[in-house]
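Worksheet: one structure, shown below.
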Amino acid sequence: MRAGPVLFFVAFASVAAGCLLDEEWKHRGPTIPEPLADGWDIGTPESVGLDPGALAAIHDELLDPERFVGALAFLVVKDGKLVFETYLRTDADRDRYHHMQSTTKSVTSLLFGITQEKGFMPGVETTLCAILADECVGLDPRKLTITLEHLLTMRSGLAIDNSDFSVAMWVDTPADPIRFLLDRPLYADPGVAYYYRDADPQLVGYAMQRLTGRSEESLANEYLFGPLGITEYYWDHGGHGESMAAHGLHLRARDLAKLGQLVLDRGAWQGTALVSSEWLDASTATQVDDTGNPRLGYGYYWWTVPEVAGYSTWGHGGQFAFVVPSQRLVLVLVSWPDTNPEQLHGGRLEQFVDLTRPLWQAP
Amino acid sequence: MSVGMFLSGAAWAESREPSDPQHALGIGVGLRGDAVREDLLVPLAFAGPGVRLLSAYRGRLGPGVLSVRADLGLAFLWNRFGHMAATLDYGAEAAWTVRFFRGLGWHLSLGPALALDSRVNFLFSWDDAHGYWLGAQWLGPMLRYASRFGDNWRIESGAAMALLGFEGRPPIYRKNKQDALNHLGYYFTRPQWNERFVSLADLQVLRIDAAVRKAAYRDVHAGSEIGRGWAFGVDLRLARTSVAAINVNLSVCLYAARAWGW
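Protein chains in written order, with the numbering used here: chain Y, 75 to 437; chain E, 501 to 762.
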């Protein structure tokens with residue numbers, strides 16, 4: 075058989091099969107928040123001094139199919155008022171919770187502060203092995219020096235990247251997950267080198283679970299979500315019942331904005347203190363300068379944005395609660411699916427900072 | 501008597517000629533074009549070429565013909581932005597058809613088909629390239645047409661569609677990296693996971709095949725009743741589910757066969 079007809083057919087088949095058409099996946103929905111009796115005061119951009127034209131320009135950019143490709147929700151809170159809220163795929167996304175990815179780490183940080191204030195958690199200088207002593211028997215002596223602060227700043231030295239972590243912890247489920255993590259080799263001595271990983275917050279989660287006797291989800295439900303009126307959420311857990319401290323939380327966009335507002339208000343929500351302001355000051359301050367990204371620093375599971383003296387959560391693919399204290403602004407983006415930032419626009423915090431610049435940059 | 505036996509897409513000749521073999525077994529290899537739209541991630545169409553391997557059996561069974569087929573395919577796809585994807589699929593099908601109408605040099609046969617369609621799509625830039633599957637086990641009718649022209653040539657065509665069955669799609673929440681490459685079982689078991697009962701309203705599957713084969717009847721080995729042959733066929737498969745996915749593949753295959761039992 076001659077190759078020509080076959081090649082012709084393959085080309086034809088590819089074209090024919092390729093007749094499957096794209097559909098638009100973004101839509102221009104309403105932008106005026108609806109009062110829902112969920113704890114949010116509703117306002118207008120004009121009432122809080124925001125330029126509606128700037129908001130409209132940001133909205134247009136979010137609707138561009140080649141920009142912020144995964145964007146689902148964009149919310150603006152200023153002076154404690156929800157003034158702009160839009161859902162970019164379907165309005166039904168307002169009432170659904172979405173995967174927060176590594177924004178979960180910032181919630182783990184909040185829970186650390188809460189449980190520390192309540193006397194469960196010791197100071198950050200405490201070593202992990204002082205809490206998880208049984209799992210530390212026979213460890214490399216250098217690992218005995220890993221402190222909670224090392225873990226909170228991604229400097230434990232334990233070498234396991236996030237892909238390997240997810241497979242080993244949540245697919246394979248080791249019999250003793252704490253020991254499994256502590257048995258990883260060291261890429262550097264503890265406290266020396268920043269290396270962003272899921273393993274460190276998970277160990278903080280295990281420490282909290284050990285000292286409180288409760289999962290992070292249980293703690294959050296009582297001390298954080300309940301007081302904030304967050305009722306619709308999901309927190310994924312591992313094979314031993316542990317909450318996934320680095321990436322397991324799912325929240326609605328409005329509820330993510332509440333977390334941002336809580337931190338902006340230094341731990342108080344509608345007059346009730348939930349998290350100590352000292353803890354928030356420390357966790358949203360730059361603890362690590364050398365993150366490999368000259369525009370961003372790192373606190374205790376919060377990213378810092380020095381150019382605006384702000385801070386933000388950062389979940390893979392584009393889950394941000396970006397707080398600009400000087401403008402009393404909370405800017406929220408929720409995205410799905412998480413995307414490869416090297417190929418698809420919108421997954422990086424710097425991109426969101428730049429997008430919202432007209433809202434926070436002083437004229 | 502020398503005999504050649506040809507296999508085509510979903511089944512082979514249904515003609516029950518006196519000289520037809522009792523059994524035939526064949527393998528095929530082909531090229532194909534695929535298109536995938538995985539709306540659970542993003543409604544962007546990905547299309548591109550791939551390869552396909554196929555094995556098939558046909559045998560007389562009572563008043564009809566039993567045909568069984570299994571295939572495995574892999575294709576690499578791109579969307580309009582140039583983002584890459586891959587799709588891995590495997591399937592099996594068993595059909596039993598009985599001739600119910602005969603014309604001059606052609607006939608139609610009809611019967612039930614039971615099929616397994618499984619596909620895992622990987623959109624490399626989306627959701628960390630996690631696998632999104634569409635698995636279906638379904639039951640439906642198969643209609644086949646066969647005709648002869650000249651002494652040696654046949655044209656065969658058939659169509660089958662799903663009426664009811666089970667469909668598996670990814671749940672909203674699933675563990676990260678469940679499809680790690682060191683978990684090969686995932687690729688062959690996940691499409692049958694998280695299944696629900698479906699009917700035509702939920703899942704539309706259509707398989708159409710057409711083939712030309714040269715009925716030589718000349719190649720039985722000396723001293724045996726085993727013959728060999730070949731065929732050239734085209735398959736179109738379409739699967740659409742209410743849980744947001746559309747898969748299309750169009751393939752061309754060349755088959756080699758051995759037949760026995762005259």
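From the three backbone atoms N, C-alpha and C, an ideal C-beta is built for every residue, glycine too.
- CA-to-CA, the gap between Y/THR201 and Y/ILE220 works out to about 5 Å.
- When 9 Å is used as the limit between beta carbons, E/ARG537 is near these residues of chain Y: LEU94, LEU95, ASP96, GLU97, in chain order.
- Among the residues facing chain Y, E/HIS523 is not included, as its CB has no counterpart in that chain under 8 Å away.
- The CB of E/PRO670 never comes closer than 9 Å to any CB in chain Y; the least such distance is about 11 Å.
- Counting along the chain, Y/LYS332 sits inside the alpha helix (DSSP H) bounded by residues 327-338.
- Shown here, Y/THR346 sits in a strand according to DSSP, grouped into three states.
- Runs of the beta strand (DSSP E) spanning 3 or more residues and lying entirely within the region 133-209 of chain Y occur at 145-152, 155-161, in chain order.
- The distance from the Cβ of Y/LEU184 to that of Y/VAL349 is about 6 Å, consistent with a contact at the 8 Å cut-off.
- Taking 8 Å as the threshold, the shortest C-beta distance from Y/ASN414 to chain E falls below it.
- Interface criterion not met: the Cβ of Y/PRO109 is under 8 Å from no Cβ in chain E.
- Beta-bridge pairing by DSSP links Y/SER121 to no other residue.
- Following the DSSP letters along the chain, one finds E/TYR755 inside the beta strand (DSSP E) bounded by residues 745-760.
- For Y/PHE394, the enclosing beta strand (DSSP E) starts and ends at 394-398.
- In the structure shown, Y/ASN236 falls within a helical segment according to DSSP collapsed to helix, strand and coil.
- In this chain, E/ASP589 is not harboured by any alpha helix (DSSP H); it is covered by the beta strand (DSSP E) spanning 584-602.
- For Y/SER292, the three-state secondary structure derived from DSSP is helix.
- At a Cβ-Cβ threshold of 8 Å, Y/PHE426 and Y/LEU403 do not count as neighbours.
- The beta carbons of Y/GLY384 and Y/VAL362 sit no closer together than 8 Å.
- Note on geometry: alpha-carbon atoms of Y/LEU146 and Y/GLY389 lie some 14 Å from one another.
- Think of a sphere of 9 Å around the beta carbon of Y/LEU418: the chain E residues whose beta carbon falls inside it are PHE581, HIS583, SER625, TRP626, in chain order.
- According to DSSP, E/PRO641 shares a beta bridge with E/PRO612.
- A check of alpha carbon separations from Y/GLU291 across Y/ALA267, Y/VAL266, Y/ALA320 identifies Y/ALA320 as the nearest.
- Remark: C-beta atoms of E/GLU593 and E/ALA575 do not approach each other more closely than 8 Å.
- For E/GLN522, there is no enclosing beta strand (DSSP E), as DSSP gives it neither H nor E.
- Exclusion of the five residues before and after Y/GLU424 leaves ARG369 as the residues of its chain whose Cβ lies within less than 6 Å of its Cβ.
- Around the beta carbon of Y/PRO126, fewer than 16 other beta carbons lie within 10 angstroms, which makes this residue exposed.
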